[in-house]
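Chains as they are written, first to last, in the numbering used here: chain R, -2 to 508; chain X, 100 to 752; chain A, 18 to 332.
No residue lacks a Cβ here, since even glycine has one placed at the ideal position from N, Cα and C.
The structure appears right after this line, and notes come after that.
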Amino acid sequence: MSKVRRVVGLGVAAVVVASAVAACGSGAASTGTKTPSSAGTLSLGAALASASFNPWLSPDGDNEYLQLEGAVYDSLTHIGPDGQIEPGLATTWTFTSPTTLILTLRSGVTFSDGTPVNAAAVKANLDYAKTASPAAQQNAYIAALTTTVINSTTLKVVSPTPEPDLLTDFATGGGFIVNPKALKDPSVLTASPAGSGPYVLSASVPGQQWTFTRRKGYWDAAQYPYGTVVLKSYASTQAQDDALRSGQLQGGPESPTLVKSDMASGLRIEESAPEAFDGIWLADRAGKDVRALGNVKVRQALNYALDRDAIMKAIYGPLGIPGSLVMPPGMPGYSSAANSTYTYDPAKAKQLLVAAGYPHGFTLPVLSSPAADTLVQAMAGNLRAVGVNVQISDHTTDFISQAYSGKWGAIVFAWTPIPPAQGMEELLSPTGLGNFDHSAQSQIDTLLATTQQSQGSSQTSALTQLVQAVNQQGWFLIPGYTSNLYVTSKHTTCEIGQRAVCPLYTFRPAG
Amino acid sequence: MAQAGRLPATRAWLRALLHSPVSAVSLLWLLAVVVVSVFAPLLAPYSPVQDNLTALFQGPSLHHLLGTDELGRDVLSRLMFGGGTLLWGAAEATGVALLLGVPAGLLAGYSGGKPDRLLSWLADLSFAVPAFVVVVALAVIYPQNVVILMGALGVIAAGGVLRFTRNLTRAVRDELYVDAARVDGLTRRQILVGHVLPVISPPLVVQAFTGMSVGVIVLASLSFLGLGTNPETPNWGQLIYDASQQVTTDPWLMVPSGAVLVLTVMALNFLGSSVRDLAPGTRPGVRVRRPRRTGPGRWLPPAESAAPDESAQVPVEPSAESLLRVRDLVVAFPAPGEGRLQAVVDRVSFDLPAGQTLGLVGESGCGKTMSVLAIQGLIPAPGVIASGSVRFDGTELISASSRSVAAVRGTRIGYISQDPMTALDPSFTIGSQLREVLRRHTRAGRRVVRERSLDLLREVGIADPAATARLYPHQISGGMAQRVAIAIALSGQPDLLIADEPTTALDVTVQAEILDLLRDLKERRTMALLLVTHDLGVVADACDSVAVMYAGQIVEQGGAEDVLSNSRHPYTLGLLSSMPAATGTRARLAAIRGAVPAPRDWPVSCRFAPRCPLAADVCRVGPVALAQAGPGRLSRCVRLAELPELTAEQVLA
Amino acid sequence: MVPVLRMALGRLALAVPMLFVVATATFFLQQLVPGDPGSFILGKDAAPAEIRQFDVSLGLNRPVLVQYGAWLGRAVRGNLGESWTTREPVAQTLLAAAPVTLSLAGLALLVIVGLGVPLGTLAALRPGIIDRIVQASAGFAIALPNFWLGVGLVLLLAVDLKLFPATGYVSLSDPAQWLHSLVLPVLALAAGMTVSLALQVRSAMIDVLAADYIRSLRAAGLPRRSVLFRHALRNCMAPVVTTVGFQLLGLLAGAVVIEQLFNLPGLGSVMVSSVTEHDIPLVQGAVLLFAVLVVAVNLVTDVAAAVLNPRARGR
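Here it is as structure tokens:
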């Protein structure tokens, strides 16, 4: 199952201010310019677009929404610091067969109105996911499940095909349990959550700011020392950074370009292992629109033209890791041998272009968005040096429809291949979300099928071969990998581990 | 407001424009921006997209005069490529607005009627449109299309241009020369293009500059918001946005992009205001230029030692104390650019006994108004009373504190000025102004003040005081306005009324009425009247004594009848003979040959000599003093003896 | 006052058809938008059937004129539809955002008039240091883009000196914080216009002070102060009011940029985000609301100018 972190890509992530509604008189929490960071109020920046408190409609995946939903809902499972599955509402789980999962629930947990959280409630949620409309992306997987209540704390979940990553789905947006009473009229969930989580929503400026206050009698209160949590949405990373530096915020997702100056100002940076990459999809592998791209030699030439070290350092500062594979280091499928195939070798790039029949280069139109401008320009500089005339077109409001229109040979995009098998499926399969031109290639398709059907170490070696094949085919122009970064003030710590953002339960005040 | 006739030739314009250092620099800057952006591919040291990932965020250096940005690109080069779009976009918006608005405005203003109503309604509609917001909304459909966005801005702005052009055209439409053209048989289009358009062009050019400057800011703002941007050759607005995203890493980046934008907008603004200031007839009224501050400085003294003490020569009985006693009054203004004071009233002396009327006569520019303003302490800055004495009812006014002088105004001395229509505050009703002054002078309650105001209006001959009091100055005639001004002047029951050319601006028929009124009031209230005029007929009618002024000096003084029937100065003779009544059977109106000299051209010797038929060398030797010319008569002519032989014909041209 | 009332009512009557035209134009804006709103909102993973269902639910499959009639009918009753992204009523979103923009524009106006008029008057009266400063800085201050100034103010006063918040808006329920959160945005927005108004006041005042009636009133015995405040200022007001009216319109436009910069959840932010998210009903609603504000400002300006200038009232 794919966990596409930023489903709509860099295009829409560019401007993330949703429609702004100021609630008059709702007493939005005012933070002075110097908020003492006792275990009092925790204010965090969060890049949340139109957020709704119906988790079955929210963009899923390991992303910032987990903070929002995680404040008011309990999840069946969590992602731990090393990427392993940890118990949440579900205490134990067993795959009795590749398609059958038995879940045991924690007892004694109640929703904010006192209703008990039991197997029936979980079943109500999983059933609702089938009909939730418009649906979140992973609901397609959940919708195929058949849930049976065994007793008040035990559930049996059956899927039509083997879904080994089901528990990861539960941990990343597909397992927030909503009060079944609210599911009867889900429209109220848009603004008022009904969950069993550590906080309740006490005030909100929809699209801008959400204030949560701690709920009495929560079963895991020790993990949440802050009495009030405020999540604020910002129009730009610079605006959030200003707020952080001026003391209005105690933390927020960090932009790699600000790492150097934030570290210099004494702010703390939490860094996960690398798990995502931005780059240029050489989407037109058949060469329909840009004939040159149909030739594998050309695609390889472009890969040789990139000075990955310089690009990553310039764009991502000290924390960027250069590489060309579609799997970041540390994840199954990555191999450093494959990763060192494309050294920075403009001479070789030119040679390959000549051999492919393009001694004078060619024109490459690239679909981009203003947020990706810096990265694309840096890469374009390298490509121009070998004779490729890069023409960058920016689209903001219609980036997505442009990308899927099939008109573009090269598209700037981003991807988080987690979990690995699902990530590759979505990226490479002809019907996958990340395969804009629905490209098919026999070797890649075969290897892809193998990875989907295998498990454990055989899956890992299948992935490795797959990643290598993709690398050889030059389907992507990837400069390197990015970690998830989280920045906090001097007086606050959190743990990002292998996650997209620091979960709320890891924040603690510091000296 | 608009003047008939041609504009100064373009070359003269350009010369004038370049003369001012500010507008010359602005023009040069704009030209530089245009040239640089057109030839940027040749002039820029680097390509705007050429990055150097090893040289990020560098400060200014020899290789990169303005430093490098977040990808190591040369800031200077990016700036050079970044101005053209802004100027083009602004030019497009301005051009569209003018192309649509000017012809429509010409039509609407000239034709009136239905086309005017329809076009004006369209213009008003455009005012209801929130222009910037609409352009932002259009970005939904045409996100990066600067041409369409700026075009839309131009269309919306055309409404304002339409209304502006229409108003200008209307003002010009009824000018005589347009009528003449119409009579000549020119078509409407020929008239509009050939006669109207050239005259109204200067304010339109000013509008064009304003439009350009607004257009540049709008496009920069749009780019700052991420609309209308170009990834390869970003414009300055985009560059400012990029810089703002790096501001904590490298604040310097904000400076170059901001600076060029500010300088360009400033240049456009300065050029616009220069055109407005230089073109004729574009601003109603005189452009008030604030003179440079000058110190007391040296001032040009007459050869005082040569002149005998004139104060001994004033024809008044030594025992009687006049109500008003002016001695050697000197009023001076700083000479522009010369650092010294120039006298405009040069040692003027006269007496006015209580209850009498003194006429102060002379052509415009001789200093009579300044003399009477000096009496009230109302000389406009930067003029000063350089020396002399003004004694009113025994109190010296010149050395008195400003508060004592202020206390005299209105209560002891009243004043009415020449043009009644501008002498009343147009924003207040007649009644309210009158009552305000009355309140100042009486301690009575509201009802008493109101009654007294009505009484005053009745006293000055206004038939329906209550109705008149509710009117505004623009709603009454000139004659009525002057009566109101007199009423205001009388509200403090002054002992002296100064009337500065009270009838000059009025119709002939009304003049006599006002003079009669003044005479009656003077009698009834026992006031002294200081009547400033250039009309000897008024002197004959109303004055007891007269002082004739020329070029800042009194040249003849004495009883009115006496002076008029038996003038003792060539200038007075000339004035008398040049009166229309005096020409009698003469075919042409006569005038004294020559013209009144400006104060800076005043010679130390006789100032009338250049125009005087009696002038001889003795007149040009040194200062001429006022001398006795008979009992109670003074004259400033050294050739008094030869005067009887002078005939009218000799004095006149 | 009656002629003024008549004029105001006349303008109001004209305003209604104008708003109608603007509203109609914004509706048909939607027809020009390329692409299928359904596929954009739902994302490419949505099945074609779902997209069609989405469009139907929004009524987008009906003939254009039918849609227009329905929209107009609802709009007249205050129902401007639902936002495509948040599903909240557009009218509610706009009404909640309006106080922010009105606070920003209102405070900016106070600063502009409250500082600009005295500054201009002083500059006119005293040709000394104040006059020099006003004139010299005027060209620069007017040309400075408000967003550039805003970034500088944030850097200096919020991030470096921590005197004011860098972003965010606090509602009126906490007046002190509300004011505190608006200081920097208001400064950025109002700076240039304050100087511009001061220049206007200065030149109007110089012209007025040279007028005959000023001299006549002083000759009649009125003290300098009352002539200045009651008569001179009064006669400056008509052109000043017209200028301020234009500046108010500029404030509304400037608010769009400043709200983005300072993260203020006002109408400007709604405008920008609804445009970038292709949320057509919200775009339409926002444009309409801005048009209403513009018409209101124009009306108030015209009435004020007429009240202040008896000659402009007509008989």
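| Using 8 Å as the Cβ pair cut-off and three pairs as the minimum, do the segment 294 to 303 of chain X and the segment 265 to 276 of chain X touch? | Three or more beta-carbon pairs drawn from the segment 294 to 303 of chain X and the segment 265 to 276 of chain X are found closer than 8 Å, and the two stretches are therefore classed as touching.
| query | Using a threshold of 7 Å, is the CB atom of L119 (chain A) nearer than that to any non-hydrogen atom of the ligand SAH? | reply | For the ligand SAH, the structure offers nothing, since it holds no ligand at all.
| field | Under 9 Å from the C-beta of P240 (chain A): neighbouring residues of chain X | value | For a Cβ distance threshold of 9 Å, residue set A505 and R539 of chain X lies close to P240 (chain A), ordered along the chain.
| task | Check whether the Cβ of N163 (chain A) lies closer than 8 Å to any Cβ atom in chain R. | result | For N163 (chain A), no Cβ of chain R is located within less than 8 Å of the residue's own Cβ.
| At a Cβ cut of 7 Å, what residues of the segment 266 to 287 of chain A count as close to chain X, listed as they run along the chain? | The residues in question are L269, A270, V273, V274 and Q277.
| request: Go ahead and label W220 (chain X) buried or exposed: buried means 16 or more other beta carbons lie within 10 angstroms of its beta carbon, across all protein chains shown. | output: Counting Cβ neighbours within 10 Å, W220 (chain X) comes out exposed, since fewer than 16 surround it.
| message | I'd like the span of the alpha helix (DSSP H) that includes D306 (chain R), first residue to last. | response | Bounds of the alpha helix (DSSP H) holding D306 (chain R) are R305 to Y313.
| field | Which listed residue (R:R242, R:D238 and R:L246) has its alpha carbon closest to that of L228 (chain R) | value | The residue with the shortest Cα to Cα distance from L228 (chain R) is R:L246.
| Hey, does D275 (chain R) have any beta-carbon neighbour from chain X nearer than 8 Å? | Not one chain X Cβ lies under 8 Å of D275 (chain R).
| task | May I ask you to verify whether the segment 212 to 226 of chain R touches the segment 148 to 161 of chain R, counting CB pairs closer than 8 Å and requiring at least 3? | result | Counting C-beta pairs closer than 8 Å gives fewer than three between the segment 212 to 226 of chain R and the segment 148 to 161 of chain R, which falls short of the contact rule.
| task | Indicate the three-state DSSP secondary structure (helix, strand or coil) for A726 (chain X) in the structure shown. | result | Correct three-state label for A726 (chain X): strand.
| task | Note down, in chain order, every chain A residue with its Cβ under 8 Å from the Cβ of S156 (chain R). | result | Here the premise fails: no neighbours, minimum Cβ distance about 19 Å.
| task | Determine the chain A residues that contact Y339 (chain R) at a beta-carbon separation under 9 Å, and present them in chain order. | result | The premise fails here: Y339 (chain R) is roughly 30 Å from chain A at the closest Cβ pair, so nothing lies under 9 Å.
| Contacts that R582 (chain X) makes with chain A (C-beta to C-beta distance below 9 Å) | Taking a Cβ-Cβ cut-off of 9 Å, R582 (chain X) has no neighbours in chain A, whose nearest Cβ is about 14 Å from it.
| said: Is R265 (chain R) close to chain A? Criterion is C-beta to C-beta, closer than 8 Å. | reply: It does not; no Cβ of chain A falls within 8 Å.
| task | List the endpoints of the continuous beta strand (DSSP E) containing Q440 (chain R). | result | That residue, Q440 (chain R), is in no beta strand (DSSP E); its alpha helix (DSSP H) goes S439 to Q450.
| Whole-angstrom distance between V81 (chain A) and P34 (chain A), CA atom to CA atom | Going by the C-alpha atoms only, they are around 21 Å apart.
| request: Closer than 7 Å, Cβ to Cβ, to anything on chain A: give me those residues from the segment 242 to 258 of chain R, in chain order. | output: So the list reads R242, S243, G244 and Q245, given in the order they occur along the chain.
| request: Return no unless some Cβ of chain R is closer than 8 Å to the Cβ of D150 (chain X). | output: Taking 8 Å as the CB threshold, D150 (chain X) lines the interface with chain R.
| task | Tell me whether D536 (chain R) sits in a helix, a strand or coil according to DSSP, three-state version. | result | The question about residue 536 (chain R) has no answer here: the residues shown for chain R are numbered -2 through 508.
| Secondary structure at N521 (chain R), three-state DSSP: helix, strand or coil? | No answer is possible for residue 521 (chain R): it lies beyond the span of chain R, which begins at -2 and ends at 508.
| query | Going by DSSP, what residues sit across from H75 (chain R) in a beta bridge? | reply | Its beta-bridge partners are R:E83.
| task | Give a yes or no on contact between the segment 410 to 428 of chain R and the segment 316 to 335 of chain R, applying the rule of three or more CB pairs nearer than 8 Å. | result | With a cut-off of 8 Å, the segment 316 to 335 of chain R and the segment 410 to 428 of chain R count as touching, because enough Cβ pairs lie within range.
| said: Determine, for Y62 (chain R), whether the minimum Cβ-Cβ distance to residues of chain A falls below 8 Å. | reply: Judged by the 8 Å Cβ criterion, Y62 (chain R) is not in contact with chain A.
| Taking only beta-carbon atoms, is L121 (chain A) less than 8 Å away from chain X? | Judged by the 8 Å Cβ criterion, L121 (chain A) is not in contact with chain X.
| query | Quick one: what's got a C-beta closer than 6 Å to G208 (chain X)'s C-beta in the same chain, skipping five residues either side? | reply | The answer, listed in chain order, is R265, T268 and R269.
| field | Sequence-distant residues of the same chain with beta carbon closer than 6 Å to A646 (chain X), five excluded per side | value | Hits under 6 Å: F449, L459, I653 and Q656.
| Cross-chain neighbours of Y230 (chain A) in chain X, by beta carbon under 8 Å | Listed by position along chain X, the residues whose Cβ is nearer than 8 Å to that of Y230 (chain A) are T521, A522, L523, D524 and P525.
| said: Give me, in chain order, the residues of the same chain whose beta-carbon lies closer than 7 Å to that of A117 (chain R); leave out the 5 immediate sequence neighbours on both sides. | reply: Cβ neighbours of A117 (chain R) beyond the five flanking positions: V146.
| message | Please classify H118 (chain X) as buried or exposed, where buried requires at least 16 other C-beta atoms within 10 Å of its C-beta. | response | With a 10 Å radius around the Cβ and a threshold of 16 neighbouring Cβ atoms, H118 (chain X) comes out exposed.
| task | Mind listing the chain A neighbours of T347 (chain X)? Cutoff is C-beta to C-beta under 8 Å, in chain order. | result | Neighbours of T347 (chain X) on chain A, chain order: L172 and V176.
| said: Only counting the same chain, and skipping five residues up and downstream in sequence, which positions put a Cβ closer than 6 Å to that of L399 (chain X)? | reply: Because the pLDDT at L399 (chain X) is just 37, under 50, the model does not fix this residue reliably, and the value given afterwards should be weighed accordingly. Answer for L399 (chain X): no residue qualifies.
| Below 8 Å, can you find three or more Cβ-Cβ pairs linking the segment 170 to 177 of chain A to the segment 197 to 215 of chain A? | With the cut-off at 8 Å, the segment 170 to 177 of chain A and the segment 197 to 215 of chain A touch.
| request: Drop a sphere of 10 angstroms on the beta-carbon of S290 (chain A), count the other beta-carbons inside from all chains shown, and report buried for 16 or more, exposed for fewer. | output: Buried.
| request: May I ask you to list the residues that DSSP assigns as paired with G6 (chain A)? | output: As shown, chain A starts at 18 and ends at 332. That puts residue 6 (chain A) outside it, with no answer to give.
| message | Considering only the alpha carbon of each residue, which of R:A507, R:C499 and R:R505 lies closest to D79 (chain R)? | response | With distances taken between Cα atoms, D79 (chain R) lies closest to R:C499.
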